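Structure record follows, encoded as structure tokens.
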Amino acid sequence: MPIVNFRKTDFLPAQEQGSALQKKLVITVDGPAASGKGTLAKKLAERLGYAYLDTGALYRAVAMATLEIGGDPNYFQDVQPALDIIKRNLTPELLASAALRTPEVSDAASKVAAIPEVRQALLDYQREFAENPPGLVGGAVLDGRDIGTVVCPDADIKFFITASVEERAKRRYTELSERHDDVTFERVLGDLKARDLRDATRAVAPTLAAEDAYILDTTGLNPSETLEEAIAVIRSRFLSETNDNALAAAKPPAPAQKTAL
Ligand code: DC
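Read in order, the letters of the sequence shown correspond to residues 88 to 348 in the numbering used here.
In structure tokens:
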């Protein structure tokens, strides 16, 4: 698994940036809860003019609908009717809804996400999004847990975002305490640890860095710094590809084989 050491010399000069980023890419951003992957993926999509899909919101939407109909998110027979409703009503508005972000829905989402039938049912939607992103954009950024490993194993660039669990709990606590009075840091930390464990140890598509993912530790980095690191990775990747191609093109042709007369 490559760990990237960022070097300033990897950055492309400004005049080359446009052409390097002209290629329409599928970019995957995986990582644990509150690692900063969603913020990074959204900002990358904005910067590149790409479509963005928060795949966690798909599981959250199914979880919320399950709770609304009084189902238990641990059992597929309870989740299935909610899944059917959500598959017919997947809108950008629903996926961006604040109602999907409550602690109850977060907990239920990690339970429905452990059910193989639910994952399978959401797979086609995610792959279709990556292959034919909506709008006139061309490229796509998807964030989640298994995007680089299962949903888009052939993606052009894969990131795996990490941060210490304490740092992630601090971020999530700050975000939640703006909207809810009854939230405590200890509860947020405990919930995150439980979700991490469930997401990382489930039998199907656990949270995992792809072999070819760039690992980006965002502990101590703010969102803009994280974005710049990721852009630097994309540029350096294209720089080395460009160099490889240029080298290949510059190579003299192999000498013709001498054949015996
Ligand atoms: O990224 P998030 O916290 O919004 O994700 C909500 C839940 O969905 C989380 O517990 C893990 C799960 N999930 C998943 O299993 N696979 C994905 N591609 C995205 C999210």
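Backbone N, C-alpha and C fix where the C-beta goes; we use that ideal spot for every residue, glycine too. Quick caveat: nothing in here was measured; it's all calculated off a predicted structure.
Which residue marks the beginning of the beta strand (DSSP E) containing residue i, and which one marks its end?
{"i": "THR115", "result": "113 to 117"}
{"i": "THR249", "result": "244 to 249"}
{"i": "VAL270", "result": "VAL270 -> no beta strand (DSSP E), and no H or E assigned at all."}
{"i": "GLU231", "result": "It should be noted that the sequence gives Gly, not Glu, for residue 231. Start and end: 227 to 231."}
{"i": "ASP304", "result": "301 to 304"}
To the nearest angstrom, report how far apart residue i and residue j are at their CA atoms.
{"i": "ASN330", "j": "ASP211", "result": "Because the pLDDT at ASN330 is just 49, under 50, the model does not fix this residue reliably, and the value given afterwards should be weighed accordingly. Distance between the alpha carbons of ASN330 and ASP211 is about 36 Å."}
{"i": "ASP241", "j": "ALA290", "result": "22 Å"}
{"i": "ASP269", "j": "ARG259", "result": "14 Å"}
{"i": "THR294", "j": "PRO220", "result": "24 Å"}
{"i": "PRO203", "j": "ALA296", "result": "20 Å"}
{"i": "ASP141", "j": "GLU133", "result": "14 Å"}
{"i": "GLY277", "j": "ARG255", "result": "12 Å"}
{"i": "ILE156", "j": "ALA169", "result": "8 Å"}
{"i": "TYR146", "j": "CYS239", "result": "17 Å"}
{"i": "ARG214", "j": "PRO160", "result": "24 Å"}
{"i": "LEU263", "j": "THR271", "result": "9 Å"}
{"i": "GLU180", "j": "THR305", "result": "28 Å"}
{"i": "LEU284", "j": "ARG274", "result": "15 Å"}
{"i": "GLY307", "j": "GLN164", "result": "43 Å"}
{"i": "THR288", "j": "ALA128", "result": "24 Å"}
{"i": "THR126", "j": "PRO310", "result": "7 Å"}
{"i": "GLU253", "j": "THR261", "result": "12 Å"}
{"i": "ALA120", "j": "LYS280", "result": "9 Å"}
{"i": "GLN167", "j": "ALA186", "result": "20 Å"}
{"i": "THR115", "j": "ASP171", "result": "26 Å"}
{"i": "LYS124", "j": "LEU303", "result": "10 Å"}
{"i": "LEU182", "j": "SER251", "result": "27 Å"}
{"i": "ASN176", "j": "GLU316", "result": "36 Å"}
{"i": "GLU218", "j": "SER122", "result": "26 Å"}
{"i": "PHE325", "j": "GLY222", "result": "25 Å"}
{"i": "LYS257", "j": "THR178", "result": "30 Å"}
{"i": "GLY235", "j": "LEU135", "result": "19 Å"}
Let me check understanding here. Comparing Cα to Cα, which of the options lies closest to residue i?
{"i": "ALA208", "options": "ILE173, GLU315, GLY226, LEU187", "result": "ILE173"}
{"i": "GLU298", "options": "VAL205, LEU145, ALA319, ASP117", "result": "ASP117"}
{"i": "GLU191", "options": "PRO119, LYS245, THR153, SER251", "result": "THR153"}
{"i": "ALA144", "options": "HIS267, LEU131, ASP230", "result": "ASP230"}
{"i": "PHE216", "options": "ILE321, PHE325, LEU112", "result": "LEU112"}
{"i": "SER373", "options": "PRO203, GLN213, VAL228, ALA148", "result": "For residue 373 there is no data in the structure shown, the boundaries of the chain being 88 and 348."}
{"i": "LYS198", "options": "GLY158, GLU218, PRO179, ASP171", "result": "GLY158"}
{"i": "ILE318", "options": "LYS130, ALA169, GLY235, PHE272", "result": "LYS130"}
{"i": "GLY226", "options": "VAL237, VAL238, ILE244, THR236", "result": "ILE244"}
{"i": "THR189", "options": "GLU316, GLY125, THR236, ALA150", "result": "ALA150"}
{"i": "ARG282", "options": "ALA186, TYR162, ALA200", "result": "ALA200"}
{"i": "THR249", "options": "TYR139, PHE325, ASN176, THR313", "result": "THR313"}
{"i": "ALA195", "options": "TYR162, THR178, VAL237", "result": "TYR162"}
{"i": "SER193", "options": "ASN176, ASP286, VAL237", "result": "ASP286"}
{"i": "PHE206", "options": "LYS257, TYR139, LEU177, VAL237", "result": "According to the sequence displayed, residue 206 carries Arg and not Phe. Looking at the Cα atoms, VAL237 is the closest of the given residues."}
For the alpha helix (DSSP H) that residue i lies in, which residues bound it at each end?
{"i": "TYR212", "result": "203 to 218"}
{"i": "ALA296", "result": "It is not in any alpha helix (DSSP H) - ALA296 carries neither H nor E in the DSSP assignment."}
{"i": "TYR146", "result": "142 to 155"}
{"i": "VAL166", "result": "163 to 175"}
{"i": "PRO240", "result": "From DSSP, PRO240 is part of no alpha helix (DSSP H); its letter is neither H nor E."}
{"i": "SER193", "result": "190 to 199"}
{"i": "PRO179", "result": "179 to 182"}
{"i": "ASN135", "result": "Residue identity differs from the one stated: residue 135 is Leu in this sequence, not Asn. 124 to 135 is the extent of the alpha helix (DSSP H) around LEU135."}
Once you ignore the five residues that flank residue i on each side, which residues in its own chain have a CB closer than 6 Å to its CB?
{"i": "LYS338", "result": "Low confidence applies here, because LYS338 scores a pLDDT of 47, under 50, leaving its location unreliable; read the following figure in that light. Excluding positions up to five away in sequence, the list is empty."}
{"i": "ASP233", "result": "ALA292"}
{"i": "TYR137", "result": "VAL224, GLY226, ALA227, VAL228"}
{"i": "ARG266", "result": "none"}
Could you tell me whether any non-hydrogen atom of the ligand ATP is closer than 6 Å to the CB of residue i?
{"i": "PRO179", "result": "Questions concerning the ligand ATP fall outside what the structure shown contains, since the ligands it does hold are the ligand DC."}
Quick one: what's got a C-beta closer than 7 Å to residue i's C-beta in the same chain, skipping five residues either side?
{"i": "TYR139", "result": "ALA128, LYS129, ALA132, VAL228"}
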